[in-house]
Amino acid sequence: MQLVATLPQVFSLLAEMSGNIHVGLAGTGAGIGVGLVGAKAAEAVGRNPGAQGQIMTIGIIFAALAEGLIFIAIFLGGN
């Protein structure tokens, strides 16, 4: 009888842990994505300094999109 009473608690704990892992992985992916966007934007400006404004604008937009994924993950995975 003890096992039956604790199964819902175990399932609840597993669901909460998987949600936390989900948010952590999304944060890691967003961090890597923003880092790559920044590195490639800096490389592009180094190759073509005249297009700095356009490159930085596009880089900031894509970095914001990558960061937006973490907010979606927090909304879906957070309690």
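Mapped onto the working numbering, the consecutive letters of the sequence shown carry residue numbers 1 to 79. For every residue, glycine included, the Cβ atom is placed at its ideal position computed from N, Cα and C.
Anticipated Cβ contact below 8 Å, residue i with residue j, distance rounded
i   : j   : result
V37 : G59 : 5 Å
A39 : I55 : In fact, because the Cβ distance is near 12 Å, the residues do not count as touching under 8 Å.
Close-in-space but distant-in-sequence residues of the same chain around residue i (CB under 7 Å, 5 per side omitted)
i   : result
A26 : L69, I70 and A73
Cβ-heavy atom distance, residue i to the ligand PLP, below 7 Å
i   : result
F71 : Looking at this structure, you won't find the ligand PLP or any other ligand, since it has none at all.
Close-in-space but distant-in-sequence residues of the same chain around residue i (CB under 8 Å, 5 per side omitted)
i   : result
V23 : I70, A73, I74, G77 and G78
Nonlocal neighbours in the same chain, by C-beta distance under 6 Å from residue i, ignoring five residues either side
i   : result
A63 : V34 and V37
Q52 : V45
Secondary structure of residue i, DSSP reduced to three states
i   : result
N48 : coil
M1  : Summary for M1: the model assigns pLDDT 49, below 50, so the residue's position carries little reliability, and this model does not support an answer.
Sub-8 Å separation of residue i and residue j beta-carbons
i   : j   : result
A66 : A30 : yes
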